[in-house]
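Straight run, no breaks: the sequence shown in the numbering used here ends on number 517. In what follows, a structure is listed as structure tokens, so that the remarks can point back to it.
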Amino acid sequence: MRLMTVCLCLSSLAAVAQTAPSAAPALPPDVTKLQDAYHASLVKLAEAYNASLLPLAEGYVLDLKQLSTRLKEAKDTAGTEAVKQEAGRFMQALGADPDPFETVPELTKEAVAQKPEALRLLQENYVASRTANDLTRNSKVIELAEKYIGGLDLLQNRFATDEKAAEAAATKKEATRMRVAMQRKDFANRAFDEAKTSYRFVPPAPDVANLKERAAAPQATARNLSALAITDLTPAVQAFLMRPLEFDKDWPPEITKWKFEGSGNYSHDFSLYNLAGQPDELGIFAFPKTMRAYVRGTKKASTVNYDNKAVTWLGKAMAWRLNDSRDLVCKVVFRTKKPALKEDSGPAACVAVYSVTEDNRLIASMSVPMLTEETQVRMAKHFSYNRLNIVWEGVKRKRGFTVPDHMPLRVVVGIAGFAPGEEVDATIEIVPCGPLGDMW
Numbered sequence: 078m079r080l081m082t083v084c085l086c087l088s089s090l091a092a093v094a095q096t097a098p099s100a101a102p103a104l105p106p107d108v109t110k111l112q113d114a115y116h117a118s119l120v121k122l123a124e125a126y127n128a129s130l131l132p133l134a135e136g137y138v139l140d141l142k143q144l145s146t147r148l149k150e151a152k153d154t155a156g157t158e159a160v161k162q163e164a165g166r167f168m169q170a171l172g173a174d175p176d177p178f179e180t181v182p183e184l185t186k187e188a189v190a191q192k193p194e195a196l197r198l199l200q201e202n203y204v205a206s207r208t209a210n211d212l213t214r215n216s217k218v219i220e221l222a223e224k225y226i227g228g229l230d231l232l233q234n235r236f237a238t239d240e241k242a243a244e245a246a247a248t249k250k251e252a253t254r255m256r257v258a259m260q261r262k263d264f265a266n267r268a269f270d271e272a273k274t275s276y277r278f279v280p281p282a283p284d285v286a287n288l289k290e291r292a293a294a295p296q297a298t299a300r301n302l303s304a305l306a307i308t309d310l311t312p313a314v315q316a317f318l319m320r321p322l323e324f325d326k327d328w329p330p331e332i333t334k335w336k337f338e339g340s341g342n343y344s345h346d347f348s349l350y351n352l353a354g355q356p357d358e359l360g361i362f363a364f365p366k367t368m369r370a371y372v373r374g375t376k377k378a379s380t381v382n383y384d385n386k387a388v389t390w391l392g393k394a395m396a397w398r399l400n401d402s403r404d405l406v407c408k409v410v411f412r413t414k415k416p417a418l419k420e421d422s423g424p425a426a427c428v429a430v431y432s433v434t435e436d437n438r439l440i441a442s443m444s445v446p447m448l449t450e451e452t453q454v455r456m457a458k459h460f461s462y463n464r465l466n467i468v469w470e471g472v473k474r475k476r477g478f479t480v481p482d483h484m485p486l487r488v489v490v491g492i493a494g495f496a497p498g499e500e501v502d503a504t505i506e507i508v509p510c511g512p513l514g515d516m517w
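Below, the structure is given as structure tokens:
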């Protein structure tokens, strides 16, 4: 008898367990339609995200190929071997099982090289691009989820108005479930799983044969950027050039008194600027309103004889006129996507100061290698003493020059390349100089 009672209880529990899922209230048809639209949007978003990964991987492999070529030309055997090993490691990582807990599984922190510097910068740029791509995807998922929740809230209000308590309760429960789910860090991935769509953790392996053809194809570079309109430049460069100057309106910096003169050829071998017959290299687009410029191109010439002088460092610069030498207080920020491989290669950041009233006589100059993505040079004429200091922030290199007060000056800032085939893709920005600190 006791055994029969136990069996009946177990049977009853099993029956309840089997009927429990079917007893759960289904979502109202209107909510189901809204959920289906939400899932369909997630599927499209996942497909777009998967398609966006391959161009990132291809760009990274092409950058490695170009860097390897630059290192070979510079006879940097160790650097060339490091790039070769990174290319092999990267392709192998694309075919391996990814670690879902890594931000960028194919390029983890442990895989980032310390030397050469140019390789490390390429790796960090790739990681930044992949991370930004993932963040954009996640923000779009959240935007879709918020729209879905907004639609659920509207439906709940309508059901409550129509006195459909069961439908209103089911809709509220779904909205609450979504709000709780959105609090998870991995909400985007879980949303894709819920929509039964696949998303990639790593890009597919690029077609190496196709990339070789693209790498061998000549790269079109604008030699005469100044002939273009600002709308002809890339959106990122447009945004940089047109970003307004930031300074205290009640206490404007000295650079607001400067007058833009123009742009021209420059060689830092002898600080030659815009002289007749000077070799024409690179291209420059100067935007005087914001005191910025964009320099782009591939250096073509090697050492040339100009005015009985051997010149090798050739590029472009923009010039500014100062009526009073005391107004020379600024910081020039140079940024490049292709840093120099070593100190005696390009690109190089250049600044020079000339006397306007003394037939453009050179007073002071400094040229420094752009070994990192950002290079800063400060120039300051002391307000009370006949002293001008130029400082390279990178290694605290400082040079002092004698400059009298009230002297009209021409300030030239530019970028020069060294070896034929060197690519330059850089920007120049003149900003107010902060505290002089140890400059004096």
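Backbone N, C-alpha and C fix where the C-beta goes; we use that ideal spot for every residue, glycine too.
8 Å Cβ cutoff met for residue i and residue j
i	j	result
V520	V490	Missing from the structure shown is residue 520; the chain here goes from 78 to 517 and no further.
P356	L391	yes
T504	Y371	yes
D153	L418	yes
P485	M447	no
L232	D309	no
K192	A159	yes
G498	E358	no
F460	R403	yes
T413	E194	no
E223	F236	no
V433	S442	no
Residue i (DSSP reduced to helix, strand or coil)
i	result
K152	coil
T452	strand
R487	strand
F178	coil
P312	helix
N382	strand
F324	coil
F278	coil
R476	strand
A114	helix
M443	strand
V189	coil
T375	strand
R464	coil
N266	helix
A525	There is simply no residue 525 to check, as the chain begins at 78 and stops at 517 in what is shown.
Length of the line joining the Cα atoms of residue i and residue j
i	j	result
E179	T208	11 Å
N342	L352	8 Å
Q315	H345	28 Å
E216	A258	Correcting the residue type first, residue 216 is Ser in the shown sequence and not Glu. Using only the alpha carbons, I get a separation of about 15 Å.
A363	R369	6 Å
I492	Y137	25 Å
V454	V472	11 Å
L144	L196	8 Å
P283	E500	24 Å
E506	E183	35 Å
F264	G227	18 Å
T375	V410	21 Å
E240	A125	42 Å
P330	L349	28 Å
F278	L405	52 Å
N385	I467	29 Å
H116	T311	35 Å
G165	R487	51 Å
G477	D401	18 Å
A101	A114	Legend: pLDDT at A101 = 46, less than 50; position of this residue unreliable, value from coordinates given subsequently. So the two alpha carbons sit approximately 23 Å from each other.
Residue burial classification, residue i (beta-carbon count within 10 angstroms, cutoff 16)
i	result
R261	exposed
G156	buried
F324	exposed
R256	exposed
V285	exposed
E251	buried
S99	The predicted model places S99 with a pLDDT of 43, which falls under 50 and marks its position as unreliable, so this point remains unresolved.
P105	buried
L305	exposed
C510	buried
P518	Outside the modelled stretch of the chain, which goes from 78 to 517, sits residue 518, for which no answer is possible.
K110	exposed
A97	A caution first: A97 carries a pLDDT of 41, below 50, which makes its placement in the model unreliable, though a value can still be read off. It counts as exposed.
A297	Note that A297 has pLDDT 48, beneath the 50 cutoff, so the model's placement of it is unreliable and no number is given.
Residue-chain proximity (residue i, chain C), Cβ-Cβ < 8 Å
i	result
F236	Annotation note: the requested chain C is absent from the structure, which comprises a single protein chain.
Cβ separation of residue i and residue j, assumed to be a contact under 8 Å, to the nearest whole Å
i	j	result
L318	T274	That pair is no contact at about 40 Å.
S340	A268	Contact flag wrong, Cβ pair sits at about 51 Å.
L288	L139	6 Å
S118	L212	Wrong, their Cβ atoms sit about 18 Å apart, outside the cutoff.
R373	D502	5 Å
L141	L198	In fact, because the Cβ distance is near 12 Å, the residues do not count as touching under 8 Å.
W469	W397	Incorrect: roughly 20 Å between the Cβ atoms, too far for contact.
Residue i: CB within 7 Å of a non-hydrogen atom of the ligand FMN
i	result
A134	Among the ligands in the structure shown, none appear at all, so the ligand FMN cannot be discussed.
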